[in-house]
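Participant:
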Amino acid sequence: MDRRAFIQSAGLAGASLVTVSSGRAGEEEGRKEFVAVLVDTTRCIGCRSCEFACAEEHGFPEPDSDDAVMDRERAPSITQWSVVNRYDVGEEPVYAKKQCMHCNQPACASACLTKAMLKTEDGPVIWREDKCMGCRFCMISCPFDIPKFEYDSPVPKIQKCNLCWERLRDGGVPACVEACPVEALSFGKRTDLLREANRRISLDPDNYTPGIYGEHEAGGTGYLYLAGVPFDQLGFRPGIETTSYPELSKDYLYAVPIVLTLWPAFLLAISNATKKESD
Amino acid sequence: MASNSTSLTLLANESRRFGRFLLSELKPKGKLLTPFNVVAAVILLVAAILLVIRFARGLGATTNLSQDFPWGIWIGFDVITGVAFAGGAYVITFMVYVLRLEKYHPIVRITVLNGFLAYVFYAGALLFDLGRPWNVINPIIGNSFGVSSVMFLVAWHFMLYMITEFIEFSPAVAEWLGWKKVRKFLGSLTLGAVIFGITLSTLHQSGLGALFLMAKDKIHPLWYTEFLPILFFVSSIFAGLSMVILEGSISQRVFKSQMSPLHRVGHDEIVRGLARVCAGTMYVYFFLKVLVFVHGQHWTYIMTPMGFWFLVEMIIFVLVPVRLYTQAVRFGTMGVIRVASVLTLIGIVLNRLNVSVIAYKWYAPERYIPSWMEIEITLAIIVAELIVLRWIVNRMPILREPGGEPTDGVGSRPESGEIRHKEPTQWVTST
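Chains A and B, in that order, are what the protein sequence lines are.
Using this note's numbering, you'd call the opening residue of the first sequence number 1 and step up by one each time.
Using this note's numbering, you'd call the opening residue of the second sequence number 1001 and step up by one each time.
(1) Residues of the stretch 42-55 of chain A with a CB closer than 7 Å to any CB of chain B: list them in chain order, please.
(2) Determine whether the Cβ of B:Tyr1360 lies closer than 9 Å to any Cβ atom of chain A.
(3) Can a CB atom of chain A be found closer than 9 Å to the CB of B:Ile1195?
(4) Are the beta-carbon atoms belonging to B:Val1393 and B:Leu1044 less than 9 Å from one another?
(5) On the CB-based measure, 16 or more other CB atoms within 10 Å of its CB, does B:Lys1180 come out buried or exposed?
(6) Quick one: grab the DSSP three-state call for B:Ser1416.
(7) Applying the criterion that 16 or more other CB atoms from any shown protein chain within 10 Å of the CB defines a buried residue, is B:Phe1077 buried or exposed?
(8) How would you list, in chain order, the residues of chain A whose beta-carbon sits under 8 Å from the beta-carbon of B:Asp1268?
(9) So, does the stretch 1242-1254 of chain B touch the stretch 1263-1278 of chain B, judging by three or more C-beta pairs under 8 Å?
(10) Of all Cβ atoms in chain B, is any one closer than 9 Å to the Cβ of A:Lys115?
(11) Express the C-alpha separation of B:Gly1347 and A:Pro106 in angstroms, rounding to a whole number.
(12) Taking the beta carbon of A:Gln159 as the centre, do at least 16 other beta carbons fall within 10 Å, making it buried, or is it exposed?
(13) Counting only C-beta atoms, is A:Lys98 closer than 9 Å to chain B at any point?
(14) For A:Val182, is the classification buried or exposed, using 16 other Cβ atoms within 10 angstroms of its Cβ as the cut-off for buried?
(15) Listed from N- to C-terminal order along the chain, which residues in the stretch 1207-1219 of chain B have their beta-carbon within a distance smaller than 9 Å of any beta-carbon of chain A?
(16) Does the beta-carbon of B:Ser1024 have 16 or more other beta-carbons within 10 angstroms, so that it is buried, or is it exposed?
(17) If B:Ala1047 and B:Glu1269 are in contact, beta carbons under 8 Å, what's the gap, nearest whole angstrom?
(18) Closer than 7 Å by C-beta to B:Ser1206: which residues in its own chain qualify, once you throw out the five before and the five after it? Chain order, please.
(19) Whole angstroms are fine: how far does the CA of B:Pro1106 sit from the CA of A:Phe266?
(20) Answer yes or no: do A:Pro143 and A:Glu247 have a C-beta to C-beta separation smaller than 9 Å?
(21) Could one say the Cβ of A:Met133 lies closer than 9 Å to chain B's Cβ atoms, at least one of them?
(22) Excluding the 5 residues flanking B:Ala1174 on each side, which residues of the same chain have their C-beta closer than 6 Å to its C-beta?
(23) Which residues mark the beginning and the end of the alpha helix (DSSP H) in which B:Met1306 is found?
(24) I want to see whether chain E comes within less than 9 Å of B:Gly1131, judged by CB atoms only; does it?
(25) Using the C-alpha atoms, what's the distance from A:Met117 back to B:Ser979?
(26) Taking just the CA atoms, how far does A:Gly59 sit from A:Cys164?
(27) In whole angstroms, give me the CA-to-CA distance for B:Phe1018 and B:Met1373.
(28) How big is the Cα-Cα spacing for A:Gly14 and A:Leu260?
(29) Quick check: the Cα distance between A:Phe231 and A:Tyr213, rounded to an integer number of angstroms?
(30) Quick check on A:Met133: buried or exposed, where buried means 16 or more other Cβ atoms within 10 Å of its Cβ?
(31) For B:Tyr1325 and B:Phe1238, what's the separation of their Cα atoms in angstroms?
(32) Quick one: what's got a C-beta closer than 8 Å to A:Leu224's C-beta in the same chain, skipping five residues either side?
(33) For B:Glu1168 versus B:Val1083, is the C-beta distance shorter than 9 Å?
(34) Does any residue of chain A bring its CB to less than 9 Å from the CB of B:Met1111?
(35) Looking only at its chain, what residues have a beta carbon closer than 6 Å to the beta carbon of A:Ser186, apart from the 5 residues adjacent to it on each side?
(36) Cβ of A:Ala197 less than 9 Å from any chain B Cβ?
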């Protein structure tokens, strides 16, 4: 029995918990390679075609077509899984699309006690209506604050980008990628996209900030970004961990089966030791 | 045939008598129109209406929760603080059944009952906060075990611990119903339940802290630490005991008729012992907090608003009460112990709310402030718990001596009259 299997069974025995790596399994054990999207913000023209395609694909109301909506930074919402923000840095504005990052080891999926939030084998992180009990622990845990909750519905859902999982299953590409007129978005295997991103940086080092956002952030994400300006100027909060977020509660989870097996033995021993002769 | 029909009549008579007993017990005792009852009725009625609105129109209709603040006081206060307050049960059962400190036996039942009701009501209040409560059974029936989730552990442990506490408490129910054989059997389960209960409590008290481990960038560095689980566990010890102290001093007034004069005299001695344990664990807690603070090199944050707020929590609501406890134990002043317990409990409320609500996203431009409806429903949960507590204490042998019941099982009282004479607080209570 290997270490993980041990902890799994020990944990389950006490109805507790276990492996911290739904995503890692995919990469390390070489089962299936994750898909990803590369966002090249140096190419993006801010046309918001991706926003409209996303809304249409998932049956949301058509977004406000007035570009004035970009005057303030927007976050994805319960009716918009993907939004484009304009950042006025330097002479030309820079546009960056924001949506679920589809982490390799997502905090939300590891936080979910019903596996409603699930890292699929292919890479998209999806939410499943029939499992979710609406505790919103995924929202507390997500370092990018992506999952959104329908507070005004008696049958609320969690809304977030699912990387057009249904389209991928039919062999398609995400709606936003398909809609992009300038190839600012590319879809493919994550490792291929990382190679492509590095190629673009090395071919044109003057126009790219070194580094690919998402290569290491949060332990690696399914959305990868290239930019000509520092990433923290594009609304990416600094201080994101480079290790995966489930890693943060791993030590605690590993201690659980230990406490679960040692405590009763210790307590019983103390109880016996304090027993009076007359008992 | 004849004997058969006789036994049937007997059975029918017996069940009719039992039914009458239950009915008579269900009736309220004492005056109905007391100020407390009137206020309680109003609070419960308003809460019932609000809950209808909440389930008809969603969480947004009654709460100020937002995409930035998915957890408010229903989680931060009702569940996370409420469970810390209920920690007295596992500490007292540890002292009485594992360490066999018989001095504390008289408060076992009331403490376990309080703990049990706290879990039922405060953890039960979680159902109001869940967006999709009809799926609450999913992590239990096994069609989707999210075993890598700290929440999964907490959910299971809440459920198992409620059962455990009910088993610990069940002898009192059997005594109330006069079921002697059942009482004997339930008494034999106590030690096992206690040991299981302490283990579960260790894990879910710390687990509530572990819930926030993944929110690393979102909680102010003065409160976020990888030691959150340990801090939550250690503080649940003195939080629970402070609640036992405060609750005991209130019980002495409210349930005076239930307590024998001997109990009231012995109670001061018990409280002083608990105050000593509180002081000890609070020193440990304070030391841990200082270690985390120094180790994290957090000096730079002290001169900020959040830094002052941190100092308020640490000095006024940890350092001051721990000093008061220490002083009061030395000089035996009961009033000071009560003040210390109140300060300690406020400190726990602050700490739990800081981690879950106040220091959470301290950088957000829009703060979460609970709506009056969230506060109203929280009040209603407390009121409902108090009503059930009062109903049980006035009927079952919780505080009073159960009139010469035979004892058995773990923790049974020494029968020798000599020992009884020396320790007047001891009598037949729970096992």
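Glycine included, C-beta positions come from ideal geometry on N, C-alpha and C.
Facilitator: The short version:
(1) Contact annotation: in the stretch 42-55 of chain A, no residue has its CB less than 7 Å from a CB in chain B.
(2) For this step, residue 1360 of chain B is matched to residue 360 along the second sequence. Chain A contact via Cβ: present.
(3) As a first step, residue 1195 of chain B is located in the second sequence; it is residue number 195 there, counting from the start. Yes, B:Ile1195 counts as interfacial toward chain A.
(4) Position 393 of the second sequence, counted from the first residue, corresponds to residue 1393 of chain B. Position 44 of the second sequence, counted from the first residue, corresponds to residue 1044 of chain B. No.
(5) Against the second sequence, residue 1180 of chain B aligns to sequence position 180. Exposed is the call here.
(6) Within the second sequence, the letter at position 416 stands for residue 1416 of chain B. Residue confidence for B:Ser1416 is low, a pLDDT of 35 falling below 50, so the modelled location carries little weight; the figure read from the coordinates is stated next. Coil.
(7) As a position in the second sequence, residue 1077 of chain B is number 77, starting the count at 1. Buried, by the Cβ-count rule.
(8) The sequence position of residue 1268 of chain B within the second sequence is 268, counting from 1. Against chain A, the beta carbon of B:Asp1268 has no neighbour under 8 Å; the closest one sits roughly 25 Å away.
(9) Segments in contact, yes.
(10) Indexing the first sequence from 1 puts residue 115 of chain A at position 115. With 9 Å as the cut-off, A:Lys115 counts as an interface residue toward chain B.
(11) One-based indexing of the first sequence puts residue 106 of chain A at position 106. One-based indexing of the second sequence puts residue 1347 of chain B at position 347. So the two alpha carbons sit approximately 34 Å from each other.
(12) Your numbering for residue 159 of chain A matches position 159 in the first sequence. Burial call: buried.
(13) Here residue 98 of chain A is taken as the residue at index 98 of the first sequence, counted from 1. Proximity of A:Lys98 to chain B, defined by a Cβ-Cβ separation below 9 Å, is not satisfied.
(14) As a first step, residue 182 of chain A must be located in the first sequence, where it is residue number 182. Exposed, because fewer than 16 other Cβ atoms sit within 10 Å of the Cβ of A:Val182.
(15) Taking 9 Å as the Cβ-Cβ cut-off against chain A, the residues of the stretch 1207-1219 of chain B that qualify are Gly1207, Gly1209, Ala1210, Leu1211, Phe1212, Leu1213, Met1214, Ala1215, Lys1216, Asp1217, Lys1218.
(16) Taking the second sequence and counting its residues from 1, the one referred to as residue 1024 of chain B is at position 24. Within 10 angstroms of the beta-carbon of B:Ser1024 lie fewer than 16 other beta-carbons, which makes it exposed.
(17) Within the second sequence, the letter at position 47 stands for residue 1047 of chain B. Within the second sequence, the letter at position 269 stands for residue 1269 of chain B. The pair is not a contact, with the Cβ atoms about 40 Å apart (cut-off 8 Å).
(18) Here residue 1206 of chain B refers to the residue found at position 206 when the second sequence is read from its first residue. The beta carbon of B:Ser1206 sits closer than 7 Å to those of Pro1229, Ile1230, Phe1232, Phe1233, all from its chain and outside the five residues before and after it, given in chain order.
(19) Here residue 266 of chain A corresponds to residue number 266 of the first sequence, with the count starting at 1. Here residue 1106 of chain B corresponds to residue number 106 of the second sequence, with the count starting at 1. A:Phe266 and B:Pro1106 have their C-alpha atoms roughly 25 Å apart.
(20) Translated into positions along the first sequence, residue 143 of chain A becomes position 143. Translated into positions along the first sequence, residue 247 of chain A becomes position 247. No, Cβ-Cβ distance for A:Pro143 and A:Glu247 is not below 9 Å.
(21) Looking up residue 133 of chain A in the first sequence gives position 133. Chain B, which has a Cβ nearer than 9 Å to the Cβ of A:Met133, makes this yes.
(22) Position 174 of the second sequence, counting from 1, holds the residue named residue 1174 of chain B. Closer than 6 Å at Cβ, skipping near neighbours: Val1182, Arg1183, Leu1186.
(23) To locate residue 1306 of chain B, count along the second sequence from 1; it is residue 306. B:Met1306 -> alpha helix (DSSP H) spans 1305-1311.
(24) Among the protein chains of the structure shown, namely A and B, there is no chain E.
(25) Look at the range of chain B in this structure, 1001 to 1431, and you will see that residue 979 of chain B is not part of it.
(26) Along the first sequence, one-based indexing puts residue 164 of chain A at 164. Along the first sequence, one-based indexing puts residue 59 of chain A at 59. Whole-angstrom Cα-Cα distance: 12 Å.
(27) Your numbering for residue 1018 of chain B matches position 18 in the second sequence. Your numbering for residue 1373 of chain B matches position 373 in the second sequence. If I take the Cα positions, the gap works out to 41 Å.
(28) By 1-based counting over the first sequence, the position of residue 14 of chain A is 14. By 1-based counting over the first sequence, the position of residue 260 of chain A is 260. In this prediction, A:Gly14 has a pLDDT of 43, which is less than 50 and means its spatial position is unreliable; what the coordinates show is noted afterwards. Their Cα atoms are separated by approximately 7 Å.
(29) On the first sequence, residue 231 of chain A is found 231 positions in, with the first residue counted as 1. On the first sequence, residue 213 of chain A is found 213 positions in, with the first residue counted as 1. Straight-line measurement puts the Cα of A:Tyr213 at about 7 Å from the Cα of A:Phe231.
(30) Here residue 133 of chain A refers to the residue found at position 133 when the first sequence is read from its first residue. Burial of A:Met133 is indicated by the presence of at least 16 other C-beta atoms within 10 angstroms of its C-beta.
(31) Locating residue 1325 of chain B in the second sequence gives position 325, where the first residue counts as 1. Locating residue 1238 of chain B in the second sequence gives position 238, where the first residue counts as 1. Each residue's alpha carbon lies about 11 Å from the other.
(32) Translated into the one-based positions of the first sequence, residue 224 of chain A becomes position 224. Same-chain partners within the cutoff: Ala36, Val37, Leu38, Val39, Arg190, Leu193, Leu194, Ala197, Ile212, Tyr213, Gly214, Glu215.
(33) Position 168 of the second sequence, counting from 1, holds the residue named residue 1168 of chain B. Position 83 of the second sequence, counting from 1, holds the residue named residue 1083 of chain B. Cβ atoms of B:Glu1168 and B:Val1083: not closer than 9 Å.
(34) Here the question's residue 1111 of chain B lines up with position 111 in the second sequence. A quick correction: the sequence has Thr, not Met, at residue 1111 of chain B. Not an interface residue.
(35) The residue given as residue 186 of chain A occupies position 186 in the first sequence. Residues of the same chain with a CB within less than 6 Å of the CB of A:Ser186, apart from the 5 flanking positions on each side, are Leu38 in chain order.
(36) Locating residue 197 of chain A in the first sequence gives position 197, where the first residue counts as 1. So no, A:Ala197 is outside the interface.
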